[in-house]
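Enquirer: Residue numbers (the numbering used here), protein chains in the order written: chain F, 99 to 499; chain R, 243 to 380.
Right, here's the structure in full:
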């Protein structure tokens, strides 16, 4: 009898505690709207109008094969997958990338790539297919040439067949030159990478519960994560840059990380990125853009170069952020805790004098740091760092073409 | 700082020359959702397309302006800034005119939530004025 009373008291206390927790963490209407703005997830699939083989199954299969094929590099042992490894959340876990030589920046994760308008830490590419060409030609990465890439198809009938299926003519068609075949290869690689979409997360379930007004489902979200979300959209103002369903405004900011690379070069970030993208022969203003209207090139046409762009880097997505260490453009911060510490103790002297006045030392308490970590951990989908392997098309190309 | 000084100057000028507001002009209509700004020398109506404004998406601004002394509005520039953050847009709009005081600015994008200040720099042969309006973007 006494035991039953104790259980009842404990249950009542637990229920009261849960109700108190709900009551203690009410979201103001404007906060609910902000939380809802982080979804829904996943986004509806779209095709890239600048890439005529975006969404094309044959191009996706060709891109998958190329992504894992070290023959794209003349040395024969470096491929896209060397740095973008599926069991490391499509990154490499290193501070800075290393192909044939050291690279100055951290390897970006590959996921949700239909969402950004700029690619790379400095936005030096204005499309995913253009971004896929850069490492192929970079002497520090695959160090390849258009002629070498074209020759890969000559030596491999299966690749040649998928190319023919995707683009409607052979890779050795005399109407196309080496550069056209290279660009088409970039578009196939892009078609494949567009299929890498991160899954739903505990945060997405919470967000959708709020959207439905389902308090019982919303109450399953950990209290600590909910408090961390409150700091994220409130006092921390992280949402200014980490906005929208991808938790990124897809633009560029200076965050007080040092400008000098491990080799002593000053990394100009966005300033160099704008110069590079607007002068690159493969940008969306070029003949290689498959959108004849050029409506998809507004960002390239209208982007403006300003002194404040020096040292700015692209806002990364926070989806699966907990499994994509190390962090920042130079991989200089090993853990998420270090990232929060960086923003907590920010040295404002390191920010651009003429730059935006966004950041200040946030002075997070220990409890706020733990809550923010709890929130960020709820942005991880069920696969974590070990991403699902891309599935082959399981079709004999020659038999069906 | 310069922007703040301009704003203060414009406000003082508006108060000193308030009687001149009596000189009327009416911009060409550009749709029922257009908002109106009355300046000392100019009146303009403006609206965005597509509406409503959305965070991180390109949009166009349609503007129709007239000058109170009936001079032809010859030039318009549009900019948007976040004064609290000391930054503007990352994109420079492309502006086209139809010759009758109606302008279209394309390629604007607001990349952060918060208060944005739109500045319309309007000019004719006789006058130039900057008209401002605040927009709160969620």
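Note that the Cβ used here is the ideal one computed from N, Cα and C, for glycine as well.
Given the structure is predicted, the values throughout are model-derived calculations rather than measurements.
1. Relative to the C-alpha of residue 287 of chain R, which candidate in R:301, R:331, R:318 has its C-alpha closest?
2. On a CA-only basis, which of F:416, F:494, F:468 is nearest residue 209 of chain F? Give me that one, please.
3. Is the beta carbon of residue 223 of chain F less than 8 Å from the beta carbon of residue 401 of chain F?
4. Could you give the DSSP three-state label for residue 337 of chain R: helix, strand or coil?
5. What did DSSP end up calling residue 347 of chain F once you bin it into helix, strand or coil?
6. For the beta strand (DSSP E) containing residue 284 of chain F, list its first residue and its last residue.
7. Taking only beta-carbon positions, decide if residue 292 of chain R is within less than 8 Å of chain F.
8. Tell me whether residue 380 of chain F sits in a helix, a strand or coil according to DSSP, three-state version.
9. Mind reading off the beta-carbon distance from residue 171 of chain F to residue 237 of chain F? Whole number of angstroms is fine, and I expect it under 8 Å.
10. Give the single residue among F:488, F:457, F:388 whose Cα lies nearest to the Cα of residue 352 of chain F.
11. For residue 485 of chain F versus residue 188 of chain F, is the C-beta spacing smaller than 8 Å?
12. If you follow the beta strand (DSSP E) that residue 272 of chain R is part of, which residue opens it and which one closes it?
13. Does any CB atom of chain C fall closer than 8 Å to the CB of residue 273 of chain R?
14. Would residue 347 of chain R and residue 337 of chain R qualify as a contact pair, given that the criterion is a beta-carbon distance under 8 Å?
15. Note down, in chain order, each residue of its chain lying with its Cβ closer than 7 Å to the Cβ of residue 429 of chain F, except the 5 sequence neighbours on either side.
16. So which of R:321, R:265, R:309 has the shortest CA-CA distance to residue 359 of chain R?
17. Which ranges would you report for the alpha helix (DSSP H) in the segment 423-497 of chain F if only whole runs of at least 4 residues count?
18. Closest to residue 491 of chain F by C-alpha separation, out of F:127, F:260, F:135, F:215, would be which residue?
19. Tell me the DSSP secondary structure of residue 151 of chain F in three-state form.
20. What are the residues in the segment 337-359 of chain F lying within 8 Å of chain R by C-beta distance?
21. In the DSSP assignment, what are the bridge partners of residue 371 of chain R?
22. From this set, F:141, F:247, F:362, F:349, which residue's C-alpha is nearest residue 333 of chain R's C-alpha?
23. With a threshold of 8 Å between beta-carbons, can residue 297 of chain R be considered close to chain F, or not?
24. Across which residues does DSSP place residue 370 of chain F in a beta bridge pair?
25. Thinking residue 219 of chain F and residue 411 of chain F are a contact (beta carbons under 8 Å), I'd like their distance in whole angstroms, please.
26. Mapping the DSSP letters down to three states, classify residue 377 of chain R as helix, strand or coil.
27. Compare the C-beta of residue 285 of chain F against all C-beta atoms of chain R and say whether one is closer than 8 Å.
28. Please work out which residues of its chain come closer than 6 Å, Cβ to Cβ, to residue 207 of chain F, disregarding the five sequence neighbours upstream and downstream, and give them in chain order.
29. Using the three-state DSSP reduction, which class does residue 339 of chain F fall into: helix, strand or coil?
30. With a threshold of 8 Å, are at least 3 pairs of Cβ atoms found where one atom belongs to the segment 365-372 of chain R and the other to the segment 279-297 of chain R?
31. Is residue 232 of chain F helix, strand or coil when you go by DSSP?
32. Where does residue 483 of chain F land, buried or exposed, given buried means 16+ other C-beta within 10 angstroms?
33. Check distances from the C-beta atoms of the segment 449-473 of chain F to those of chain R and list, in chain order, the residues that come in under 7 Å.
34. Per DSSP, what kind of secondary structure is residue 311 of chain F in: helix, strand or coil?
35. Return the chain-ordered ranges of every alpha helix (DSSP H) run that is complete within the segment 205-232 of chain F and spans a minimum of 4 residues.
36. Please report the residue range of the beta strand (DSSP E) in which residue 288 of chain R lies.
Expert: So, to answer that:
1. R:318
2. F:416
3. no
4. strand
5. coil
6. Taken as a continuous stretch (DSSP letters only), residue 284 of chain F belongs to no beta strand (DSSP E), being part of the alpha helix (DSSP H) at 276-291.
7. no
8. coil
9. That pair is no contact at about 11 Å.
10. F:457
11. yes
12. Element bounds for residue 272 of chain R: n/a, residue is neither H nor E.
13. Given the protein chain composition of this structure (F and R), no chain C is represented.
14. yes
15. 192, 193, 194, 204
16. R:321
17. 434-442, 464-475
18. F:260
19. coil
20. 337, 338, 339, 341, 342, 347, 348, 349, 350
21. R:364
22. F:349
23. yes
24. Residue 370 of chain F is not bridged to any residue.
25. 5 Å
26. strand
27. no
28. 187, 188, 189, 422
29. coil
30. yes
31. helix
32. buried
33. 454, 455, 456
34. coil
35. none
36. 284-291
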